[in-house]
Amino acid sequence: MTGLRRRFVDGLLALLQQDTSSARELSAAERGFVDGFLRRLAEHEAPSGLSDAQRRFVDGFVARARPSQPAETPAEEFRRVVMERWELITWRAHGAVAIEFTRLEPERLRMLTLLEQTPPLLAPLNRSRDEVTHSALLGWALRRPGALGTQLRSAFLRCLDQRYSLDGWLVETERTLGKGCRVDVDITVPGAWRCMIEMKVDAQERDRQLDDYREHLDQACDDLSLDGTLVFLTLDGRKGKTRVDHTRLSFKRILGAWLPLTVRHEPDALYLRLWLASVARDFCGLGVGQPLSRWSFSQRIAALDFLNELGERDV
Numbered sequence: 111m112t113g114l115r116r117r118f119v120d121g122l123l124a125l126l127q128q129d130t131s132s133a134r135e136l137s138a139a140e141r142g143f144v145d146g147f148l149r150r151l152a153e154h155e156a157p158s159g160l161s162d163a164q165r166r167f168v169d170g171f172v173a174r175a176r177p178s179q180p181a182e183t184p185a186e187e188f189r190r191v192v193m194e195r196w197e198l199i200t201w202r203a204h205g206a207v208a209i210e211f212t213r214l215e216p217e218r219l220r221m222l223t224l225l226e227q228t229p230p231l232l233a234p235l236n237r238s239r240d241e242v243t244h245s246a247l248l249g250w251a252l253r254r255p256g257a258l259g260t261q262l263r264s265a266f267l268r269c270l271d272q273r274y275s276l277d278g279w280l281v282e283t284e285r286t287l288g289k290g291c292r293v294d295v296d297i298t299v300p301g302a303w304r305c306m307i308e309m310k311v312d313a314q315e316r317d318r319q320l321d322d323y324r325e326h327l328d329q330a331c332d333d334l335s336l337d338g339t340l341v342f343l344t345l346d347g348r349k350g351k352t353r354v355d356h357t358r359l360s361f362k363r364i365l366g367a368w369l370p371l372t373v374r375h376e377p378d379a380l381y382l383r384l385w386l387a388s389v390a391r392d393f394c395g396l397g398v399g400q401p402l403s404r405w406s407f408s409q410r411i412a413a414l415d416f417l418n419e420l421g422e423r424d425v
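Quick note on the numbering used here: the sequence shown kicks off at 111 and runs consecutively.
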């Protein structure tokens with residue numbers, strides 16, 4: 111590396127890494143780099159010819175090079191250039207959101223109250239984003255006996271636009287299908303339907319993963335003359351990296367389908383509600399386990415959008 115390039119790298123690193131709060135003075139080499147940079151800039155392009163992006167870069171660069179003149183924070187720049195009393199925007203926005211909550215229907219308000227009162231199940235266990243844990247809880251909910259279990263299965267089928275018997279479901283989790291192939295949730299309705307669910311929270315989809323599941327599912331369904339559905343369950347309901355037929359599903363859709371059932375089945379649905387509180391907080395951006403007044407603005411907006419998006423069949 112030439113001496114000129116070395117000075118360039120040293121000067122740039124010093125500017126990017128220096129702590130402006132300590133107001134450290136630049137070394138002679140660093141100062142030479144800054145002065146040379148600004149001099150060359152002045153030689154080749156007049157300041158009036160800079161674009162807005164270039165101007166912001168130069169202004170920020172100069173400010174970083176002079177610790178005694180700290181750069182403006184984003185809030186300070188917004189206050190100077192756009193709106194001095196920017197707090198008014200926040201106050202008005204909070205007021206508008208508060209009004210929208212008062213317009214919610216009683217059933218939706220009750221669901222909001224449940225979220226306020228229900229702490230997340232998995233946060234204290236440090237399992238908030240553990241796929242194996244969420245798979246086990248999803249399977250547990252689909253196996254649940256009694257009236258609540260029947261309604262959970264019915265709501266789940268509606269999410270998939272499917273209609274099958276709600277009785278006799280065989281639900282397995284973390285089932286091995288073959289060498290290097292294990293599906294998160296495997297559902298069988300004897301004589302009628304088989305469904306495999308692949309869940310993704312933070313892990314990446316491996317190459318041909320859904321293709322492998324589809325092959326196993328089609329083979330099993332052909333052998334027993336069953337219908338087959340492959341479900342890709344993710345945070346945002348995205349499409350899988352495959353051309354094979356599969357159904358997209360989001361945790362938000364499951365939350366919307368099942369949370370209303372916890373309203374109508376207290377206290378039988380306590381554990382289900384605790385898990386859904388984890389889903390609401392960690393996957394859907396809602397505040398849970400504390401009063402609405404303590405939720406962040408983004409959490410309130412997310413809750414308002416979620417409650418308003420619920421269809422009539424969900425409440």
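C-beta atoms are modelled at their ideal positions from N, C-alpha and C, and glycine is treated no differently.
For W385, same chain residues with a beta-carbon under 7 Å away, outside a window of 5 residues either side, are L231 and L247 in chain order. Cα atoms of A251 and T183: separation of roughly 49 Å, rounded to the nearest angstrom.
Checking the DSSP bridge columns, you'll see D296 partnered with E282 and M306. Within its own chain, the residues whose Cβ lies closer than 8 Å to the Cβ of E419, once the five positions on either side in sequence are excluded, are G366, listed in chain order. Within the DSSP secondary-structure output, F342 pairs in a beta bridge with E308 and R358.
No Cβ-Cβ contact shorter than 8 Å links L402 with R391. C269 carries a helical assignment under DSSP once its states are collapsed to helix, strand and coil. By the neighbour-count definition (other C-beta atoms within 10 Å, threshold 16), Q329 is an exposed residue.
DSSP places H244 inside the alpha helix (DSSP H), whose first and last residues are E241 to R253.
The C-alpha of R239 is placed about 7 Å away from the C-alpha of D312.
According to the DSSP assignment, N418 belongs to the alpha helix (DSSP H) that extends over F407 to E419. Ranked by how close their Cα comes to the Cα of D415, the residues A138, G142, E210 and H326 have E210 in first place. Annotated three-state conformation of C331 is helix, per DSSP.
In the structure shown, the three-state DSSP call for L287 is strand. Boundaries of the alpha helix (DSSP H) around L225: P216 to Q227. With contacts defined by Cβ atoms closer than 8 Å, V293 and R304 do not form a contacting pair.
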